[in-house]
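Inspection log for the structure reproduced underneath, given as structure tokens.
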Amino acid sequence: MKGKGSYALFFLVTVMVQVFLLNNLTVSVLFAPMAYVACLIMMPLDSSPIKMLLTALAIGLLMDFTMGTEGLNVIATLPVAFFRRPILSFVAGFSDFDKEEGAPSEKRLGVYRYHRYIVTMVVFHSLLLFSVEHLSFDNFGLFLARFVCSTLASLVAVYFLLLLFTPKFSAK
Amino acid sequence: MHKLIYFIRKTYVAIIFVVLEIVALRCYAYSTPYTQSRLLAGSNAVVRYVYSSLHGVRHFFSLRSENIRLTERIAELENRLDAVGEYEAAMREEMGASEGVAVSIAHKYEYLPARVMSNSINHPQNYITLDKGFNQGVAINMAVLSPEGYAVGTIVNCSENFSIARSLLNTSFRVSARLAEDGSIGSVHWNGGDSQLADFDDVTKYAKIAEGDVVVAAGFSHYFPSDVIIGKVERATLRENATTYDCRIRLAADMSRLSNVLLVKNNSAGEAQSLEEQPLPSADESK
Chain Z
1348 MKGKGSYALF FLVTVMVQVF LLNNLTVSVL FAPMAYVACL IMMPLDSSPI KMLLTALAIG
1408 LLMDFTMGTE GLNVIATLPV AFFRRPILSF VAGFSDFDKE EGAPSEKRLG VYRYHRYIVT
1468 MVVFHSLLLF SVEHLSFDNF GLFLARFVCS TLASLVAVYF LLLLFTPKFS AK
Chain Y
-17 MHKLIYFIRK TYVAIIFVVL EIVALRCYAY STPYTQSRLL AGSNAVVRYV YSSLHGVRHF
43 FSLRSENIRL TERIAELENR LDAVGEYEAA MREEMGASEG VAVSIAHKYE YLPARVMSNS
103 INHPQNYITL DKGFNQGVAI NMAVLSPEGY AVGTIVNCSE NFSIARSLLN TSFRVSARLA
163 EDGSIGSVHW NGGDSQLADF DDVTKYAKIA EGDVVVAAGF SHYFPSDVII GKVERATLRE
223 NATTYDCRIR LAADMSRLSN VLLVKNNSAG EAQSLEEQPL PSADESK
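Quick mapping for you: the protein sequence lines, in order, are chains Z and Y. Read in order, the letters of the first sequence are residues 1348 to 1519 in this note's numbering. Read in order, the letters of the second sequence are residues -17 to 269 in this note's numbering.
Listed below in structure tokens is the structure:
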């Protein structure tokens, strides 16, 4: 992104979309799109691990507060933030964390690796969130259906937000 | 010191991550009764698995001493068997029975070996989990003895393949006992303190008690065979009202090192119990 202002705007819009739109969707119990993970996905590549962790904590707490879930979202966002660098290394083959600045983009990571990175982050977040939410595999069919449908819905929502903000990303 | 600072600087993010994750899990666990029960059940399963694995390792390394104890026990039982054989031969001679005629000696107690899966000694209410259940012939109220034959507890719950015994180290457990020499009766219970010491109360002031006297099960409960050793008197003090002794006894069984136990089934307990439960005839009826 061009600067902190752009990221703050992205953060604000993402949170508002999640809180005022996606949290109020009552299509089905199977659809629970979690677009707020885009805030972590789009954090600048040179963000320090502690900065990632604190951002994840802030987003998780905000979501828990608005959803009334007392810790569930924090449980899911913290590992996503903590393991972002290993995911970027293994999934996107990116390792120049100290040299590269700006948000992840197709130009910085490559088209295929960039989308693989986004999908991995969303799936990882959804898997953590819905596993902890269910806490039981007694009704595995329902868990699987909710996980698959919600992950797909989250991906659609994340890509929609990225589409809106792509012009604001730096040209590199 | 420098190494410690270096280590913290290298790992502080991971430490913060783990701490935050634990705090979040704790908040979530206590948010609803459902999450509380599920997470507690999950953590209990993990703890049980770890405990079981550690116990397996400990059991392997204690096999040598276990073998020595078992050999000693076998020798003792062989001696007893010889004595029973002599007694049987004497009875046969007295009754004039020939060698082919068996002299029936009723088996009041049946013994069943079991392995200790878990055992606690540091709570007020301690229990022992055993690897035998209904399928192997275990029943509620069976007595539990150490391999040496010392009192350990009684079975309070039983599933198909496992059972739980209430340990002597349980503040709600009481057993009738008597002094082996003197015969004075009392009641043994644990007060929740030292795991090797228990109280032997309500012993009449006329009892001749000395340090080192053996305290055995009185056999009133139908479950513990009489004369099973519970412990030895360590000190005895006369109560302030001067009618009974309060004794401190050192338990015979080493409760912290139990790995194998013997379960004892009293074959006549059911009959005696049903007789006791029947209403007694009134004085007029008996005339």
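Glycine residues also receive a C-beta, built at the ideal position from the N, C-alpha and C atoms. Owing to the predicted nature of the structure, the values given are computational and were not obtained by experimental measurement.
In angstroms with no decimal places, state the Cα-to-Cα distance between residue i and residue j.
i: ASP184(Y); j: MET73(Y); result: 40 Å
i: GLU48(Y); j: ARG230(Y); result: 29 Å
i: SER256(Y); j: SER250(Y); result: 10 Å
i: ILE1406(Z); j: PHE1494(Z); result: 21 Å
i: ALA1518(Z); j: MET1390(Z); result: At ALA1518(Z) the pLDDT is 47, less than 50, meaning the model places this residue with poor confidence and gives no usable figure here.
i: ILE146(Y); j: GLY119(Y); result: 14 Å
i: VAL1458(Z); j: ILE1465(Z); result: 11 Å
i: GLU258(Y); j: TYR205(Y); result: 15 Å
i: SER1375(Z); j: ILE(-10)(Y); result: 47 Å
i: GLU1453(Z); j: HIS1462(Z); result: 8 Å
i: LYS(-15)(Y); j: VAL5(Y); result: 28 Å
i: ASN242(Y); j: ILE110(Y); result: 11 Å
i: ASP164(Y); j: GLU54(Y); result: 28 Å
i: THR186(Y); j: ARG8(Y); result: 54 Å
i: ARG46(Y); j: LEU112(Y); result: 21 Å
i: VAL66(Y); j: ASN26(Y); result: 48 Å
i: MET1381(Z); j: GLU142(Y); result: 46 Å
i: ALA1385(Z); j: VAL1469(Z); result: 8 Å
i: MET(-17)(Y); j: THR(-7)(Y); result: 15 Å
i: PRO95(Y); j: ALA199(Y); result: 20 Å
i: GLU1417(Z); j: LEU21(Y); result: 15 Å
i: ILE103(Y); j: SER177(Y); result: 6 Å
i: GLU1369(Z); j: ILE137(Y); result: Residue 1369(Z) is actually Leu in this sequence, not Glu. In a straight line, the C-alpha of LEU1369(Z) is about 56 Å away from that of ILE137(Y).
i: LEU1476(Z); j: PHE1490(Z); result: 11 Å
How would you write the range of the alpha helix (DSSP H) that residue i sits in, first residue to last?
i: TYR1396(Z); result: At residue 1396(Z) the sequence reads Pro, which differs from the Tyr that was named. Segment 1396 to 1414, the alpha helix (DSSP H) holding PRO1396(Z).
i: ASN101(Y); result: Note, ASN101(Y): premise wrong, no alpha helix (DSSP H); beta strand (DSSP E) at 91 to 101.
i: LYS(-15)(Y); result: -16 to 11
i: THR1467(Z); result: 1458 to 1481
i: GLY270(Y); result: It is not possible to answer for residue 270(Y), since the shown part of chain Y is limited to -17 through 269.
i: SER1436(Z); result: 1431 to 1439
Classify residue i: buried if its beta carbon has 16 or more other beta carbons within 10 angstroms, exposed otherwise.
i: ALA1403(Z); result: buried
i: LEU1359(Z); result: exposed
i: ALA71(Y); result: exposed
i: ASP64(Y); result: exposed
i: SER34(Y); result: exposed
i: ASP1443(Z); result: exposed
i: ARG148(Y); result: buried
i: VAL0(Y); result: exposed
i: TYR31(Y); result: exposed
i: MET1363(Z); result: exposed
i: PHE1357(Z); result: buried
Using alpha carbons as the reference points, say which of the options lies closest to residue i.
i: VAL(-5)(Y); options: ILE1465(Z), PHE1471(Z), THR1467(Z), PHE1429(Z); result: PHE1429(Z)
i: LEU1482(Z); options: ALA96(Y), GLY174(Y), SER238(Y), PRO15(Y); result: PRO15(Y)
i: VAL359(Y); options: ILE50(Y), MET124(Y), THR(-7)(Y), ALA180(Y); result: Residue 359(Y) cannot be examined here, being either before or after the span of chain Y that is shown, -17 to 269.
i: ALA159(Y); options: ASP209(Y), GLU130(Y), GLU76(Y), ILE122(Y); result: ASP209(Y)
i: LEU220(Y); options: ILE110(Y), ALA162(Y), TYR188(Y), ASP195(Y); result: TYR188(Y)
i: THR226(Y); options: GLY194(Y), LYS190(Y), LEU127(Y), PRO106(Y); result: LYS190(Y)
i: ILE(-3)(Y); options: MET1381(Z), PRO1426(Z), GLU1480(Z); result: PRO1426(Z)
i: GLY1488(Z); options: LEU1368(Z), LEU1377(Z), MET1363(Z); result: LEU1377(Z)
i: SER100(Y); options: GLU142(Y), ARG217(Y), ARG239(Y); result: ARG239(Y)
i: LEU1474(Z); options: LEU1356(Z), ASP1485(Z), LEU1499(Z); result: LEU1499(Z)
i: ALA228(Y); options: TYR10(Y), LEU161(Y), ARG20(Y); result: Correcting the residue identity first, residue 228(Y) is Asp in this sequence and not Ala. That would be LEU161(Y), whose Cα lies nearest to the Cα of ASP228(Y).
i: TYR1354(Z); options: HIS1472(Z), VAL1469(Z), PRO1451(Z); result: PRO1451(Z)
i: CYS1496(Z); options: SER1395(Z), ALA1379(Z), PHE1357(Z), THR1373(Z); result: ALA1379(Z)
i: SER154(Y); options: ALA125(Y), GLY131(Y), GLU253(Y), HIS105(Y); result: HIS105(Y)
i: PHE1471(Z); options: ASN1370(Z), LEU1408(Z), LEU1387(Z); result: LEU1387(Z)
i: SER1478(Z); options: LYS1398(Z), THR1513(Z), ILE1422(Z); result: ILE1422(Z)
i: LYS1398(Z); options: ASN1486(Z), VAL1366(Z), ARG1431(Z); result: ARG1431(Z)
Would you give the residue range spanned by the beta strand (DSSP E) that residue i belongs to?
i: HIS171(Y); result: 167 to 171
i: SER175(Y); result: Looking at the sequence itself, residue 175(Y) is Gly, so the reference to Ser does not match. No beta strand (DSSP E) contains GLY175(Y), which DSSP labels as neither H nor E.
i: GLN107(Y); result: 107 to 112
i: ILE146(Y); result: 145 to 152
i: SER158(Y); result: 156 to 161
i: ARG230(Y); result: 226 to 233
Tell me which residues share the same chain as residue i and place their Cβ nearer than 8 Å to its Cβ, disregarding the 5 neighbours each side in the sequence.
i: LEU150(Y); result: ALA133, VAL134, GLY135, VAL157, VAL170, TRP172, ALA180, ILE212, LEU233, ALA235, MET237
i: ARG1460(Z); result: VAL1438, ALA1439, GLY1440, PHE1441
i: THR1467(Z); result: ILE1434, VAL1438
i: TYR91(Y); result: PRO207, VAL246, LYS247, ASN248, ASN249
Below 7 Å CB to CB, which residues in the same chain sit around residue i once its five sequence neighbours on both sides are set aside?
i: PRO261(Y); result: none
i: ASP1393(Z); result: PHE1444, ASP1445, GLU1447, GLU1448
Sorted by chain position, which residues of the same chain lie with C-beta nearer than 6 Å to residue i's C-beta, five sequence neighbours on each side aside?
i: ILE167(Y); result: ARG160, ALA200
i: GLY115(Y); result: CYS140, SER141, GLU142, ASN143, PHE144, SER145
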